[in-house]
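Participant: Below is one structure. I have some questions about it.
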Amino acid sequence: MTEVTREQPDRGPEKELTRRDFLKKGGAAVTLGAAGLVVGSRVFAAPIEEPVTGTGVKYAMVIDLDRCYGCRACMAGCKVENNTPEGVFWMYVFRFEDGRFPNTRISYMPRPCMHCDNAPCVKPCPVGARYKRADGLVATDWKRCIGCRYCEVACPYSVNYFNWGEQTKRQYLNWKAPEAEAVRQITNDSIPPYKNPDLAGAFKPEARYIAGGTHTKGVMGKCTFCVHRLEKGLLPACVANCPVQVYSFGNINDPESEVSKLLRTRRAWRLLDELGTRPSVYYIGSTPPTTEFQQVEAVKGRTS
Numbered sequence: 003m004t005e006v007t008r009e010q011p012d013r014g015p016e017k018e019l020t021r022r023d024f025l026k027k028g029g030a031a032v033t034l035g036a037a038g039l040v041v042g043s044r045v046f047a048a049p050i051e052e053p054v055t056g057t058g059v060k061y062a063m064v065i066d067l068d069r070c071y072g073c074r075a076c077m078a079g080c081k082v083e084n085n086t087p088e089g090v091f092w093m094y095v096f097r098f099e100d101g102r103f104p105n106t107r108i109s110y111m112p113r114p115c116m117h118c119d120n121a122p123c124v125k126p127c128p129v130g131a132r133y134k135r136a137d138g139l140v141a142t143d144w145k146r147c148i149g150c151r152y153c154e155v156a157c158p159y160s161v162n163y164f165n166w167g168e169q170t171k172r173q174y175l176n177w178k179a180p181e182a183e184a185v186r187q188i189t190n191d192s193i194p195p196y197k198n199p200d201l202a203g204a205f206k207p208e209a210r211y212i213a214g215g216t217h218t219k220g221v222m223g224k225c226t227f228c229v230h231r232l233e234k235g236l237l238p239a240c241v242a243n244c245p246v247q248v249y250s251f252g253n254i255n256d257p258e259s260e261v262s263k264l265l266r267t268r269r270a271w272r273l274l275d276e277l278g279t280r281p282s283v284y285y286i287g288s289t290p291p292t293t294e295f296q297q298v299e300a301v302k303g304r305t306s
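Using this note's numbering, the first residue of the sequence shown is number 3, and each one after it goes up by one.
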């Protein structure tokens, strides 16, 4: 396995979404959050006693909720790395507010794609565009995708996004001050607009087209665990940009990997595990929130 190296984190701009705005646009995410907050065990399944082991490389992520303080650098890093369209965030951070004043507690929960072993989004795809890779990643072939959105409907985690706009009109954000200055630090002064050069030609023409900077109109997109970075031995952007090491990422089949060691020594759980999806993302740390919640969203901008 190619060694995955850790980079120094970059801090991205942040902006909070009001509860009213979230309820307007949250869609299925509201259902996910509400179900978990009313009956915590419906979302947070029983602890994972032992990680699944096997042969070959199988990527997994462990998220330490005790470390996360909602800075949203992971969201900013993901957006800049993957050139996602305006309003699209492959990584989300939820904020939970527990208890009653003055005895309240605020906690945060990042939510990438779960890259499920039994991915419900794969089965309904009529053209085989959504598929499970041998290394554990759930990917989308943009050359095959017809935009039917069946994967979006089937996914209980609300991580799929349909690209409504043309790339030239909606792809890149024209940043305004003070957000522009914060983004400038991440993109090496390349704003606006910004296009990540690392995505250009990342895959051979004969290979399945599962990452890139085009985001063609009419196709589905979601978190890829930054597969183009993994092929270079780098960590996903959300992991590399986190300033407090909330995320651990690696080969769960390697008993000496960081993720395997954490799952052997810490109490862990997975979102909606009782549905049989078998997510590749594990949570450790704080107990699940049980009352009212509010989503936290990050970078905002305008298209030209």
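Don't be surprised by glycine CBs; every beta carbon is placed ideally from N, CA and C.
Start and end of the alpha helix (DSSP H) containing residue 111?
Facilitator: Working through the sequence shown from its first residue, we reach residue 111 at position 109. Unbroken run through residue 111 is the beta strand (DSSP E), 105-113; no alpha helix (DSSP H).
Participant: In terms of DSSP beta bridges, what is residue 63 paired with?
Facilitator: Residue 63 sits at position 61 when you count from the first residue of the sequence shown. Partner(s): 251 and 283.
Participant: Could you please give me the residues that DSSP links to residue 77 through a beta bridge?
Facilitator: Residue mapping note: residue 77 aligns to position 75 of the sequence shown, counting from 1. Bridge partners of residue 77: none, in fact.
Participant: Can you tell me which residues form a DSSP beta bridge with residue 141?
Facilitator: As a first step, residue 141 is located in the sequence shown; it is residue number 139 there, counting from the start. Answer is 133.
Participant: Out of curiosity, what's the CA-to-CA distance linking residue 273 and residue 100?
Facilitator: In the sequence shown, the residue the question calls residue 273 occupies position 271. In the sequence shown, the residue the question calls residue 100 occupies position 98. Taking the straight line from one Cα to the other gives about 19 Å.
Participant: Can you have a look at residue 107 and say buried or exposed, based on whether 16 or more other CB atoms are within 10 angstroms of its CB?
Facilitator: The count along the sequence shown starts at 1 and reaches residue 107 at position 105. Exposed, since its Cβ has fewer than 16 Cβ neighbours within 10 Å.
Participant: Please determine, among 137, 138, 284 and 92, the residue with the shortest C-alpha to C-alpha distance to residue 75.
Facilitator: Sequence index remark: in the sequence shown, residue 75 carries index 73 (1-based). Among 137, 138, 284 and 92, the Cα nearest to that of residue 75 belongs to 92.
Participant: Taking the alpha-carbon of residue 143 as reference, which of 155, 128, 156 and 157 has the nearest alpha-carbon?
Facilitator: Here the question's residue 143 lines up with position 141 in the sequence shown. Out of 155, 128, 156 and 157, 128 has the C-alpha closest to the C-alpha of residue 143.
Participant: Going by the CB atoms, is the gap between residue 65 and residue 126 shorter than 8 Å?
Facilitator: Position 124 of the sequence shown, counted from the first residue, corresponds to residue 126. Position 63 of the sequence shown, counted from the first residue, corresponds to residue 65. Not in contact: residue 126 and residue 65 (Cβ atoms no closer than 8 Å).
Participant: Between the C-alpha atoms of residue 225 and residue 255, what's the straight-line distance to the nearest angstrom?
Facilitator: Numbered from its first residue, the sequence shown carries residue 225 at position 223. Numbered from its first residue, the sequence shown carries residue 255 at position 253. Going by C-alpha positions, residue 225 is about 22 Å away from residue 255.
Participant: Would residue 123 and residue 153 qualify as a contact pair, given that the criterion is a beta-carbon distance under 8 Å?
Facilitator: Counting from one through the sequence shown, the residue named residue 123 turns up at place 121. Counting from one through the sequence shown, the residue named residue 153 turns up at place 151. Yes, the Cβ-Cβ distance between residue 123 and residue 153 is below 8 Å.
Participant: Identify the continuous beta strand (DSSP E) that holds residue 71 and give its terminal residues.
Facilitator: Reading the sequence shown from its first residue, position 69 is the one you call residue 71. Under the DSSP assignment, residue 71 falls outside any beta strand (DSSP E); it carries neither an H nor an E label.
Participant: Please confirm whether residue 253 and residue 71 have their CB atoms less than 8 Å apart.
Facilitator: In the sequence shown, counting from the first residue as 1, residue 253 sits at position 251. In the sequence shown, counting from the first residue as 1, residue 71 sits at position 69. Cβ distance not < 8 Å, so residue 253 and residue 71 don't count as in contact.
Participant: Buried or exposed for residue 81, please, with buried defined as at least 16 other CB atoms from any protein chain shown within 10 angstroms of its CB.
Facilitator: Translated into positions along the sequence shown, residue 81 becomes position 79. When all chains shown are included, residue 81 counts as buried.
Participant: Identify which residue in 133, 265 and 90 has its Cα closest to the Cα of residue 161.
Facilitator: Residue numbering aside, residue 161 sits at position 159 when the sequence shown is read from its first letter. The shortest C-alpha separation from residue 161 is found at 90.
Participant: Counting only the same chain and skipping the five closest in sequence on each side, list residues whose C-beta sits under 6 Å from that of residue 131.
Facilitator: For this step, residue 131 is matched to residue 129 along the sequence shown. Cβ neighbours of residue 131 beyond the five flanking positions: 142, 143, 146 and 147.
Participant: Measuring straight from C-alpha to C-alpha, what distance separates residue 260 and residue 103?
Facilitator: Stepping through the sequence shown from its first residue, residue 260 is reached at position 258. Stepping through the sequence shown from its first residue, residue 103 is reached at position 101. Their Cα atoms are separated by approximately 38 Å.
Participant: Output yes or no for whether 8 Å exceeds the beta carbon distance between residue 137 and residue 221.
Facilitator: Start at 1 with the first residue of the sequence shown, and residue 137 comes out as number 135. Start at 1 with the first residue of the sequence shown, and residue 221 comes out as number 219. Cβ distance not < 8 Å, so residue 137 and residue 221 don't count as in contact.
Participant: Quick one: what's got a C-beta closer than 7 Å to residue 135's C-beta in the same chain, skipping five residues either side?
Facilitator: For the purposes of this step, residue 135 is taken as residue 133 along the sequence shown, with counting starting at 1. So the qualifying residues of the chain are 141.
Participant: Count the other C-beta atoms from every protein chain shown that fall within 10 angstroms of the C-beta of residue 322, then say buried if there are 16 or more, exposed otherwise.
Facilitator: Outside the shown range of the chain, which is 3 to 306, sits residue 322, and nothing can be said about it.
Participant: With distances taken from CA atoms, which of 247, 219, 155 and 139 is nearest residue 165?
Facilitator: What you label residue 165 is simply residue 163 of the sequence shown in a count that begins at 1. The shortest C-alpha separation from residue 165 is found at 219.
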